[in-house]
Amino acid sequence: MYSRHVVVVEDEALLRDLIAKTLESSGFEVTTAANAADAARAFKAHDPDAVVLDVELGPGPTGFDFAESLQKTAPDVGIVFLTNLPDARFAGKETKELPSKIAYLRKSQLIDSNELVDALEAVLHDSVIAGQRHDLQSSRPLASLSKKQILVLQLLAMGYTNSQIADKRGTTVRAVEGIVSRIFQALEIDVQAEGNARVEAAATYLRASGKSLSDI
Amino acid sequence: MSEKFSTPKTSLREAINNASGPVALSNRVLLQFAPISFMLVLVSNPSRLSGSYIEWILLAAVGLIATVAVLLTFRATVLPSVTGREPRPFMSSIAYTVAGAVRGTAVYLTGAALGIMPPGEFIFRLIGGPLFVYGAISMLAIFNASRIRHEKTLAELEIEKAELDELRGGIRERIRLQRADLLKRVQGVLAPAVEEVKTQLQSSPSDLSLRLRDVVETVVRPLSHDIGKGSKVDQEVSSISNRAAFAAAKSRFPATLSAGSMIVPELLFFATASIAITATAINFPGEVLQGSVLSLLAVFVGYKFFQKAFAKVWVPFVFALLISILASVAVSFFTEIVLALFGYDLENYLFWQFVLSQVVLTLITFYMQFLRTQRQDAELEMTRVVSDLAILNSQLRQEVWLNRRRIASILHGSVQAALYASAIRLAKIESPTAADIEAVQNDISLAISKLETVDGAETLSDVLEQIHAVWEGAVEVQLPQLSPELKAKIEANTVASACAAEIVREAVSNAVKHGKAEHVVIELEQTGAHLLGITVSNDGQPLPAEVEAGYGSSIMDEVAFTWQLENRGGFTVLGAAIAI
Chain D
1 MYSRHVVVVE DEALLRDLIA KTLESSGFEV TTAANAADAA RAFKAHDPDA
51 VVLDVELGPG PTGFDFAESL QKTAPDVGIV FLTNLPDARF AGKETKELPS
101 KIAYLRKSQL IDSNELVDAL EAVLHDSVIA GQRHDLQSSR PLASLSKKQI
151 LVLQLLAMGY TNSQIADKRG TTVRAVEGIV SRIFQALEID VQAEGNARVE
201 AAATYLRASG KSLSDI
Chain E
1001 MSEKFSTPKT SLREAINNAS GPVALSNRVL LQFAPISFML VLVSNPSRLS
1051 GSYIEWILLA AVGLIATVAV LLTFRATVLP SVTGREPRPF MSSIAYTVAG
1101 AVRGTAVYLT GAALGIMPPG EFIFRLIGGP LFVYGAISML AIFNASRIRH
1151 EKTLAELEIE KAELDELRGG IRERIRLQRA DLLKRVQGVL APAVEEVKTQ
1201 LQSSPSDLSL RLRDVVETVV RPLSHDIGKG SKVDQEVSSI SNRAAFAAAK
1251 SRFPATLSAG SMIVPELLFF ATASIAITAT AINFPGEVLQ GSVLSLLAVF
1301 VGYKFFQKAF AKVWVPFVFA LLISILASVA VSFFTEIVLA LFGYDLENYL
1351 FWQFVLSQVV LTLITFYMQF LRTQRQDAEL EMTRVVSDLA ILNSQLRQEV
1401 WLNRRRIASI LHGSVQAALY ASAIRLAKIE SPTAADIEAV QNDISLAISK
1451 LETVDGAETL SDVLEQIHAV WEGAVEVQLP QLSPELKAKI EANTVASACA
1501 AEIVREAVSN AVKHGKAEHV VIELEQTGAH LLGITVSNDG QPLPAEVEAG
1551 YGSSIMDEVA FTWQLENRGG FTVLGAAIAI
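Protein chains in written order, with our numbering: chain D, 1 to 216; chain E, 1001 to 1580.
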């Protein structure tokens, strides 16, 4: 007999089924959804206790969009983000914009599926611990950069010049130069050393985000 | 049906402005004035007055030198030929009157000294000279000002085109880098995954590595083929570049012309003035004013009639030319009839001189209008090219964006998910069997097979429905009613469709998150031949005075042709146009 109902929102069928089986074997009743709209319909039909939510769900609303909607319609539902994104900044959002009582797990750290079950239990009991917030870990990529710096770094990685970045942000070139300089400092990139500091910064960003030029 | 080449209209105000502007006294205009000045003297005098051609050539030279000397004096003092100088109609009128009067006096005095100029000629040369100078310089000024403006416009368009070309080059380079990056990433993602699986399956059959290498090949090859193949925009770029070259070279010969537009009554009026006055002064010395006014009125009304009557008659070049010539002959006869009705019948030889002069003036006007037609066509074509290039660049930016999303979908969607799932599954198995290994390979193959349908699986309508479903209960989202034609057009263009979906998604998300909106209205409409207009209005908090550029605006910059966010009538409205 299942005691809790969970909706798993994951656009990749393989992972979706695997997560569903893992949770079912841990005593959860599971409904799966391939996108945010299916998830919304599943919520209406089942009124579940929690959701395991990917952020990138293909074309259409993202996991963050769905979480935002849930905050208005079902604020008591537990949310576990299960995603490739190191943290919300990589999707142009501040971590503080996310609902407070959530767990945030990175897929790359999920070889042990018990971690997911533990996180789900934690959000259901309002007892999320630091280890279940991968997006807040100090060891996460580019942890020392602000959202604004991440945005500028993304533009830099796309090959934009300082002048173009200033244009896009509606600021001065001098302001962008200041941000870029602080980014180099935070990433410990030696601007005097041989090689191009911008290329190195871009490469660092790509490595950190683990995602080529996507979502820039 | 042949393409119609419209001719720019010539207004009296434009004529006056050009005649009194900086171009009017430029070296080029004064040089072009020389043959006309010579021609007038040689056509209208030797046949009716005594004197040899040598003597009249001498008189023509004296007239020209006198005219140019006065005009140069004005240019050096009060009418500088400097770019940007405002037109000075009053001062210019004085200059032409003085120059014409000096010309008339110089020609008369020289002619009298040579014994070939009767005393009665003085008055009409004093009147005809200024009119001739005014008329001729006006015509030449209009012609040259049009040329200069045309060259300036073309130069500006060239600069704009060059900037767009450069931008396009940059985008193309980014697409190229993306493709290269994609291949590198696919290998980068797969290689360690393969190693990991191999480590976990040390006791597995020996063909595992071969199978996984096959996987790499199966992933990399379709990608390199798919992403490496030429973009559909390549051909469009080539076609547009050809049009640009054509426009810059001004080399399009008009297929059909408006016969009426090739006739310019205002110019012909001015140009005829001195001839008409000459003719009446010779025949009716006591009634120069009445005769001149009558003949000029007849000329103006006659040409105006033909201009209007043939304005919508679109014919090939040769026919347009014939119509102009026939019109000039007809106007000459009409003028003669009007003059005869009032008792100012011209002498036979003067009438035929008048006809000849009208034909010559009409040919000159025709030539000017023809060049102006070509120039206008070149400018219009160039403007269209620049506009097309801007649309094309926007489409390229869309491709770049979609390319990136595609890369993300490939690397972090199917393939990576398959690898994670395999890794998790295998971690639970102590001793994998051949069936387990087979399952791993099947998973990866399945993920790879999805590469063909990464985008395009969901239409814009699907995404709009998703947006509605996701926000239902939290926010009221009103979806657009699309006509079947527009829906088909959007969905036929998967790139534009994906971009439109992303803009709408981002706008609704921001309206709810930042604006705390409760009601959002989405509207879509075709706003141009290649533009789809997207409007997302919400009743949330108005925008702050300064909206910081962020992730949302970055996406807008990438995929939208134009976009703006504004407070309007109590609503916050995002308006965007995307190339389609």
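C-beta atoms are modelled at their ideal positions from N, C-alpha and C, and glycine is treated no differently.
Per DSSP, the unbroken beta strand (DSSP E) holding E/Leu1257 starts and ends at 1256-1258. Taking the CA atoms as reference points, E/Ile1116 sits about 11 Å from E/Val1107. Think of a sphere of 7 Å around the beta carbon of E/Asp1436: no beta carbon from chain D falls inside it, the nearest being about 14 Å out. With fewer than 16 other Cβ atoms inside 10 Å of its own Cβ, E/Trp1352 counts as exposed. Taken through DSSP and simplified to helix, strand or coil, D/Phe81 comes out as strand. DSSP, reduced to helix, strand and coil, places D/Val7 within a strand of the structure shown. Exclusion of the five residues before and after E/Gln1541 leaves Gly1515, Lys1516 as the residues of its chain whose Cβ lies within less than 7 Å of its Cβ.
Separation of D/Leu82 and E/Ile1467 (C-alpha to C-alpha, rounded to the nearest whole angstrom) is 21 Å. Not a single C-beta of chain D is nearer than 8 Å to the C-beta of E/Ala1579.
Only those residues of the segment 46-62 of chain D whose C-beta falls short of 8 Å from the nearest C-beta of chain E are listed: Glu56, Gly58, Pro59, Gly60, Pro61, Thr62. Near chain E, meaning a CB-to-CB distance below 7 Å, the residues of the segment 24-48 of chain D are Asn35, Ala36, Ala37, Ala40, Arg41. When DSSP reads this structure, E/His1519 sits in a beta bridge with E/Glu1476.
For E/Val1536, the closest Cβ of chain D is not nearer than 8 Å.
Secondary structure of D/Lys101 (DSSP, three-state): coil. With 16 or more other Cβ atoms inside 10 Å of its own Cβ, E/His1530 counts as buried. Contact between D/Ala88 and D/Glu94 holds: their C-beta atoms lie close to 6 Å from each other, under 8 Å. Going by C-alpha positions, E/Val1385 is about 27 Å away from E/Thr1535. Put simply, the CB of D/Gly131 is far from chain E, with every gap to its CB atoms at 8 Å or more. For the segment 1267-1354 of chain E, the full-length alpha helix (DSSP H) segments reaching 4 residues or more read 1288-1309, 1317-1341 along the chain. In the assembly as shown, E/Phe1253 is an exposed residue. Its beta-carbon has fewer than 16 other beta-carbons within 10 Å.
Only residues of its own chain outside the window of five on either side were considered, and among them Asp11 have a CB closer than 6 Å to the CB of D/Gly58, listed in chain order. Within its own chain, the residues whose Cβ lies closer than 8 Å to the Cβ of E/Leu1167, once the five positions on either side in sequence are excluded, are Asn1393, listed in chain order. Interface flag for D/Leu153 against chain E is unset, since no Cβ pair is found closer than 8 Å. Look at E/Asp1539: its C-beta is not under 8 Å from any C-beta on chain D.
Chain E has a Cβ within less than 8 Å of the Cβ of D/Leu14.
Check the Cα spacing between E/Leu1294 and each of E/Val1331, E/Ala1320, E/Ser1324: the tightest is with E/Val1331. At least one beta carbon of chain D lies nearer than 8 Å to the beta carbon of E/Lys1513. A residue is called buried once 16 or more other Cβ atoms fall within 10 Å of its Cβ, and E/Gln1564, having fewer, is exposed. Counting along the chain, D/Phe64 sits inside no beta strand (DSSP E); it lies in the alpha helix (DSSP H) bounded by residues 63-73. In the structure shown, E/Thr1077 falls within a helical segment according to DSSP collapsed to helix, strand and coil. Within 10 angstroms of the beta-carbon of E/Ser1324 lie 16 or more other beta-carbons, which makes it buried. Under the Cβ distance rule, D/Phe66 counts among the residues neighbouring chain E, one pair being separated by less than 8 Å.
Residue burial is scored here from C-beta neighbours: D/His46 has fewer than 16 other C-beta atoms within 10 angstroms and is therefore classed as exposed. Within chain D, the residues Ala36, Ala37, Ala40, Pro61, Asp65, Phe66, Ser69 have their CB atoms less than 7 Å from the CB of E/Val1470, given in chain order. Within the segment 159-180 of chain D, contact with chain E at the beta-carbon level (separation under 7 Å) is assigned to Gly159, Lys168, Arg169, Gly170. Close CB contacts of E/Arg1505 within its chain, under the 8 Å cut and outside five residues either way in sequence, are with Val1463, Ile1467 (chain order).
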